[in-house]
Amino acid sequence: MCEILRNVETLSVVFSFFNTYYTFISYFRLNMYLDTDDLVTSSIIAFLIAIVVFVFSIKAFRWLFPESDIDDKGLSSHVWVEKPSYILSDPNACTVCETLTHGSKIRYCDNCEIFVDLGCVKKANKRISCKVLSTNRPPKNFTHHWNKSLLIDVTCCVCSSDDDTDSILGHFFQCLWCRRFLHENCIDQFIQKCDFGIYRKYIIPPFCIKTTNRFKNVSKQTIEKVIHPGWEDWTPLIIFANKKSGNNDGTLIISHFRRLLNPIQIYDVIDCPPEKALDWLKTTQLECVFVLVAGGDGTVAGVLNSIHNLQLKNDPAVGIIPLGTGNDLSRVLGWGTSYSDSDCSGIVNSLDNISVIKLDRLITFF
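Counting from 1, one number per residue, gives the positions in the sequence shown under my numbering.
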């Protein structure tokens, strides 16, 4: 379908360009009283007008017919950032050329956790697939996404060995979804279909998501529709973080949760308003959705206001990751006054033991 639309788009804009140009040229030629200089000037004007019409035709067509169909490879793209502060290892090996690189000369993908040096970024974009946000691939065909692991003190879930130096077993690989570790030569012995691991309860799998695909930039993608995967006790988790809260701790929160969940479940409230990110809840029949807000009281209040404005049948349960100072609401509700953990997996694990309570919010009229 995408290819058909692209072909129609190409034909339509080319036809529009030449049709506009021919129309103006014909019009000016009918005015025989124009001298040669005037005819040249008129032709140039006609050509410029044709270019403007050409550009607007492309934009109009793409707006009316966005490329919402996603092929089996899925919607994915690396998100390159400087190495996060919580990754203490240095130097790091480039995934492409396998050379050791330090400091500012290395880049880290916030979605799929690979390192590359600056000279290999373009090669990585072409050769290495990133974590998929959305795909048309059916659930039965959704396999593990193995990436070479840089972690130490891990154990292969097939042979139970922790030796990553054995030339027969090879290096460790980790699935980006279920988080399991395997030796390179043990992968073929493991079941190919991915079950999304211990956090599947909170993950929105790529085959259940349709995105608002008007933008090619992955960071601008939002959820348009979600289909229930059929899992028992499935409670999708949405993260909102304010990068500016505290000592820019929101950036680390976003990075951590992108590893644990589908990256499209994580939003920066500055770049994407919560009301826009949660609009898909209007069309879903889900009875239980969790929202975690990383920020101060102001950020939490903004998310609560957005949820109220959506007028949902079932409001999501909202939890807090307190960042910065003055987190009175977080303290009263039992989430503490600050967060200093270096790994968000502890937060996700604690969600199994939470209790949901109703919260009264007062509106003051002056």
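Backbone N, C-alpha and C fix where the C-beta goes; we use that ideal spot for every residue, glycine too.
Only residues of its own chain outside the window of five on either side were considered, and among them none has a CB closer than 6 angstroms to the CB of Leu304. Note: Asp268 is bridge-paired with Ala241 in the DSSP secondary-structure output. DSSP, reduced to helix, strand and coil, places Asp117 within a strand of the structure shown. Rounded to whole angstroms, the separation of the alpha carbons of Asp110 and Gly103 is 16 angstroms. Unbroken alpha helix (DSSP H) runs of no fewer than 4 residues, entirely contained in the stretch 295-349, are found at 297-310, 328-332, following chain order. Secondary structure at Glu98: coil, using DSSP grouped into helix, strand and coil. The alpha carbon of Ala124 has as its nearest neighbour, out of Leu261, Glu98, Phe54, Asn136, the alpha carbon of Glu98.
In this structure, the CA atom of Gln221 is about 25 angstroms from the CA atom of Asp343. Here Leu329 is actually not in contact with Ile321; their C-beta atoms are around 12 angstroms apart, not less than 8 angstroms. The DSSP-derived three-state label of Val158 is coil. Taking a contact to require three or more Cβ pairs closer than 8 angstroms, the stretch 307-327 and the stretch 225-232 do not qualify as touching. In the DSSP assignment, Thr283 falls outside any alpha helix (DSSP H), carrying neither H nor E.
Of the residues Ala50, Ile44, Arg200, Pro91, the one whose Cα lies closest to the Cα of Leu237 is Arg200. With contacts defined as CB atoms closer than 8 angstroms, Thr143 and Gln192 qualify as a contacting pair. Between the stretch 43-58 and the stretch 75-86, the count of Cβ pairs shorter than 8 angstroms is below three; the stretches do not touch. Within the same chain, Cβ atoms closer than 7 angstroms to the Cβ of Ser345 are found at Leu260, the five residues on either side in sequence being excluded. Considered as a whole, the stretch 120-147 harbours 121-127 as its complete alpha helix (DSSP H) runs of no fewer than 4 residues, in chain order. The C-beta distance from Leu118 to Arg107 rounds to 6 angstroms, short enough to meet the 8 angstroms contact threshold. According to the DSSP assignment, His228 belongs to no beta strand (DSSP E), since it is labelled neither H nor E.
Collapsing the DSSP output to three states places Phe207 in a helix. For the options Cys159, Asp195, Pro206, Lys210, the alpha carbon positioned closest to that of Asp188 is the one of Cys159. A residue is called buried when at least 16 other Cβ atoms come within 10 angstroms of its Cβ; Ile209 meets this threshold and is buried. The DSSP-derived three-state label of Lys105 is helix.
Rounded to whole angstroms, the Cβ separation of Ala241 and Asp268 is 6 angstroms, and the two are in contact under 8 angstroms. For the 8 angstroms CB-CB criterion, Val348 and Val318 do not form a contact. Residue pairing for Leu292: DSSP places it in a beta bridge opposite Ile239, Gly319. According to DSSP, residue pairing for Phe173 in a beta bridge involves Lys148, Leu182.
Non-local beta-carbon contacts of Ile204 in its own chain, meaning distances under 7 angstroms to residues more than five positions away in sequence, involve Val226, Pro236, Asn262, Gln265 in chain order. Spanning the alpha carbons of Asp153 and Phe181 requires a straight line of approximately 11 angstroms.
The Cβ atoms of Ser89 and Val132 do not sit closer than 8 angstroms to each other.
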